[in-house]
Amino acid sequence: MNLGLLARAFLLKDQLHIKPCPRCGLHYDQREPACRHCGTLDDQGLKALLAEKARQHEGNAAIGRTFLLIGALLGVFVLIVFLQR
Ligand SMILES: [Zn+2]
5 MNLGLLARAF LLKDQLHIKP CPRCGLHYDQ REPACRHCGT LDDQGLKALL AEKARQHEGN
65 AAIGRTFLLI GALLGVFVLI VFLQR
């Protein structure tokens with residue numbers, strides 16, 4: 005077995021313990037006593053965490069839409085340049 009494969013096996017072994025938290029939905033190592041995201045939060049703190057998570061998700065989706073638009077515009081530009089030859 006080569007060293008890369010061995011390192012990968014160790015990484016996969018660690019990932020087996022990382023599962024989504026039933027309370028907040030974020031992934032954490034289940035060998036830890038509590039979720040590191042919401043383990044110390046009360047219900048109000050959890051609500052704030054979930055709102056922040058939703059806000060970040062919306063921000064990432066907006067970036068994705070922007071890049072899709074830029075890609076489409078570049079595609080149209082390349083098509084126009086090729087058709088003019
Ligand atoms: Zn959690």
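If you count the sequence shown from 1, you need to add 4 to reach the numbering used here. Glycine included, each C-beta is placed from N, C-alpha and C at the ideal position. Treat the numbers as computed from the prediction; the structure is a model and nothing was measured.
Exercise for review: With D18 as the anchor, note down where its alpha helix (DSSP H) starts and where it stops.
Suggested key: 7-19
Review point. Got a sec? Which residues, its chain only, sit under 8 Å from C39 by beta carbon, not counting five neighbours each side?
Key: C25, R27, C28, L30, Y32
Review point. Can you tell me whether DSSP reads D47 as helix, strand or coil?
Key: In the three-state DSSP reduction, D47 falls in the helix class (H, G or I).
Exercise for review: From the DSSP output, in three-state form, read off H31 for me.
Suggested key: strand
Review point. Taking the C-alpha atoms as reference points, what is the distance between Q19 and N6?
Key: Going from the Cα of Q19 to the Cα of N6 covers about 20 Å.
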